[in-house]
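Quick notes on the structure that follows.
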Amino acid sequence: MTPHLAVFVTNFIKLPKKGSFSFKSISMRKLFYSLFFCSTFVLASSNGSITALEEQLKQAIYQNNAEQIQSFLSQYQQQTQQDPLLLSYAEAKLASLRQDYALAIRIYRKMLSERPALTSIRMELAKVLFADRQDRAARLQFDKVKSVKNLPASAYQQIDRYIDALNSYNTWQIDASVSYLKTNNVENVSSATSIENTGFIKGERMLPQKAHGFSYNLSFSRDFNIVGSHYVGFSNETNGKSYWDNHQFDDLFNRTSVGYAYKKNEATFRLQPFYEKRWYGGETFHWSNGIEMSYSYWLSKNWQNQTALEYEKRRFFIENPQAGNIKTASNTLIWYRNPEQIFYTGIAFSQQKLLERQYSSDIKNVRIGWLQEYAWGISTKLNLSFTHRQFKDQAVLGGILPLGKTRKDHIYTIFAQVWKRDWHLWGITPKLNFEWRKQKSNLDTMYSYKMHNLTLSFEKTF
3 MTPHLAVFVT NFIKLPKKGS FSFKSISMRK LFYSLFFCST FVLASSNGSI
53 TALEEQLKQA IYQNNAEQIQ SFLSQYQQQT QQDPLLLSYA EAKLASLRQD
103 YALAIRIYRK MLSERPALTS IRMELAKVLF ADRQDRAARL QFDKVKSVKN
153 LPASAYQQID RYIDALNSYN TWQIDASVSY LKTNNVENVS SATSIENTGF
203 IKGERMLPQK AHGFSYNLSF SRDFNIVGSH YVGFSNETNG KSYWDNHQFD
253 DLFNRTSVGY AYKKNEATFR LQPFYEKRWY GGETFHWSNG IEMSYSYWLS
303 KNWQNQTALE YEKRRFFIEN PQAGNIKTAS NTLIWYRNPE QIFYTGIAFS
353 QQKLLERQYS SDIKNVRIGW LQEYAWGIST KLNLSFTHRQ FKDQAVLGGI
403 LPLGKTRKDH IYTIFAQVWK RDWHLWGITP KLNFEWRKQK SNLDTMYSYK
453 MHNLTLSFEK TF
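Heads up: the sequence shown is residues 3 to 464, going by the working numbering.
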């Protein structure tokens, strides 16, 4: 016998991670028992009784318990008399919990094609579209649900939170920072006065030089949803250093990317051609174009993997032996141990094939990091890295003075940062930064050095 059935919006499906976006504070039990969305499907029978199996299945749906839904659904499918809407709803809910969003969307759309007035099912469809990163389609369904009159205030608030999240996905993401710089070795060169075993002595310009100034960064990006999970992505990143007492070492870099993005479930794929240009000492230095492919995927609720491949063709405006091709591959594994603690580790490999083999090199890097939030609003970041760089041919200084060795460098880096989360003005957060670096080269008198800096930076995310 087919019972009366009221199907309500149940607990939220797993949302794509973006910052600290969460709706867990909403009491879904209260919404469930207060006839959330005032949407009921009535599936009547001759006597209106409700079977125990149907009650168990509905309770499993409400609790988002995939294992129980599967068990009760299998039993329910064997019944001679079935409630078709309950059956479809259980199948769709099970699919969404298993992150088979395509199946869930297909079932919900079929249900709505037959019963378009089922507001609660429309809300479920909107949430699954949201999780599947079909932003435009999700926004349309949320707008339709919001147009329903006389919903509980908490329902409208919930919809607004989803819409706010969609807006944040599809608006400009802007980051900016500025930091004071003070260095005794602006070009990162050895302080030794001799040039290896050649008998030559360095000129003053080849020795470490002091400089004072500031570094700056500005990046902005946006994804434009085209259809479904397909996007056009745009980004621009500018990094620079300016020294007011030594402008010959000013350095400015800009990269612009426009390409394709595909966002599905817990994964994002990007294929982005780019153009970049670098200015050094106030003059144009080189320009490059290339393409970057990246793939980010959530392995579980706590683990994320990020992979990137890049090809760059570097050119100079005047003939330069360091023009050529650069290929880079990197992978980063991130562990969100809890909301206050994140660990990550990564590896990278870069192959630089330039016009002159003495400048060509293979670069291998390994890194680990730790981010921590403490009480009293204090946060820290620590990054450790090791880089090995092997050049391809014997070094010849200035193209005329052989140094007798093929250059090989080992680079050790420590970067630490501390800030107070509630210290900000106009959204600008001050952060204290410490950087230590040691480069050990087999061409010791030319390229070995140590440096450490303690700086204050100001950062803002719009």
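Every residue, glycine too, gets a C-beta built ideally from N, C-alpha and C.
Status (buried if at least 16 other CB within 10 Å, exposed otherwise) for residue i
| i | result |
| --- | --- |
| W421 | buried |
| L120 | buried |
| W300 | buried |
| F276 | buried |
| N227 | buried |
| R207 | exposed |
| L456 | exposed |
| D270 | The amino acid at residue 270 is misidentified as Asp; the sequence shows Thr. By the neighbour-count rule (16 or more Cβ atoms within 10 Å), T270 is buried. |
| G235 | buried |
| A54 | exposed |
| V260 | exposed |
| N49 | Reliability of the predicted coordinates at N49 is poor, the pLDDT of 33 falling under 50, and the value obtained from them is presented with this limitation in mind. It is exposed - the Cβ of N49 has fewer than 16 other Cβ atoms within 10 Å. |
| S51 | The pLDDT assigned to S51 is 38, lower than 50, so where the model puts this residue is not dependable; a value taken from the coordinates is nonetheless given after this. Result: exposed. |
| T286 | exposed |
| E314 | buried |
| I349 | exposed |
| L87 | buried |
| F144 | buried |
| T82 | exposed |
| F74 | buried |
| Y158 | exposed |
| A97 | buried |
| V147 | buried |
| Q160 | buried |
Proximity test, residue i beta-carbon vs the ligand HEM heavy atom, cut-off 7 Å
| i | result |
| --- | --- |
| N219 | Absent from the structure shown: the ligand HEM. Ligands present: none. |
Distance, residue j Cα to residue i Cα
| i | j | result |
| --- | --- | --- |
| N435 | I336 | 22 Å |
| E198 | T408 | 13 Å |
| S221 | N238 | 6 Å |
| K26 | N340 | The predicted position of K26 is uncertain, since its pLDDT is 36 and thus under 50; no value can be drawn from it. |
| Y182 | E461 | 12 Å |
| G292 | L254 | 19 Å |
| K212 | E437 | 17 Å |
| D252 | G242 | 8 Å |
| N219 | T431 | 14 Å |
| F202 | L399 | 11 Å |
| K452 | T463 | 32 Å |
| Y449 | Q250 | 20 Å |
| Y164 | A139 | 13 Å |
| Q175 | R224 | 6 Å |
| A178 | R108 | 42 Å |
| S156 | L273 | 40 Å |
| S332 | N322 | 28 Å |
| L59 | R100 | 17 Å |
| N187 | P210 | 5 Å |
| E173 | E268 | Glu is not the amino acid found at residue 173; the sequence shown has Thr there. Approximately 20 Å between the Cα atoms of the pair. |
| R91 | I344 | Residue 91 is actually Tyr in this sequence, not Arg. So the alpha carbons of these two residues sit roughly 37 Å apart. |
| Y338 | W372 | 10 Å |
| W246 | S217 | 11 Å |
| K329 | S352 | 6 Å |
| E116 | T334 | 46 Å |
| E294 | R316 | 14 Å |
| Q419 | L384 | 7 Å |
Own chain partners of residue i with C-beta closer than 7 Å, once the 5 adjacent residues on each side are dropped
| i | result |
| --- | --- |
| L114 | L120, I123, R124 and L127 |
| K266 | D134, R135 and S231 |
| L445 | E198, A397, L405, K407 and R409 |
| Y110 | A94, I123, E126, L127 and V130 |
| T447 | S192, A194, S196, I197 and E198 |
Cβ shell of residue i (< 6 Å), same chain only, five flanking positions each side left out
| i | result |
| --- | --- |
| V318 | A small correction: the amino acid at residue 318 is Phe; Val does not occupy that position in the sequence shown. H288 and A325. |
| V150 | T121 |
| K32 | Reliability fails at K32, whose pLDDT of 38 lies under 50, so the model's placement of it is uncertain and the value that follows must be treated cautiously. The answer is none, since no qualifying residue turns up. |
| D424 | G379 |
| S459 | S179, S181, K433 and N435 |
| I370 | T347 and L386 |
| K184 | H214 |
Residues that residue i bridges to, as DSSP identifies them
| i | result |
| --- | --- |
| A418 | L384 and F436 |
| L458 | L434 |
| Q374 | Q343 and T382 |
| I365 | S352 and R391 |
| T270 | K265 and S298 |
| N307 | Y299 and L335 |
| A213 | T185 |
| L399 | L403 |
| N1 | No information on residue 1 is available, as it lies outside the stretch 3 to 464 that the chain covers here. |
| V191 | None, per the DSSP bridge assignment. |
Cβ shell of residue i (< 8 Å), same chain only, five flanking positions each side left out
| i | result |
| --- | --- |
| L362 | Reading off the sequence shown, one finds Ser at residue 362, where the question assumed Leu. Closer than 8 Å at Cβ, skipping near neighbours: G326, Q354, K355, L356, F393, K394 and D395. |
| L403 | I197, T200 and F202 |
| L168 | F132, D137, A140, R141 and F144 |
Quiz prompt | alpha helix (DSSP H) runs contained entirely in the stretch 101–166, provided each spans 4 or more residues | solution = 103–116, 121–133 and 137–148
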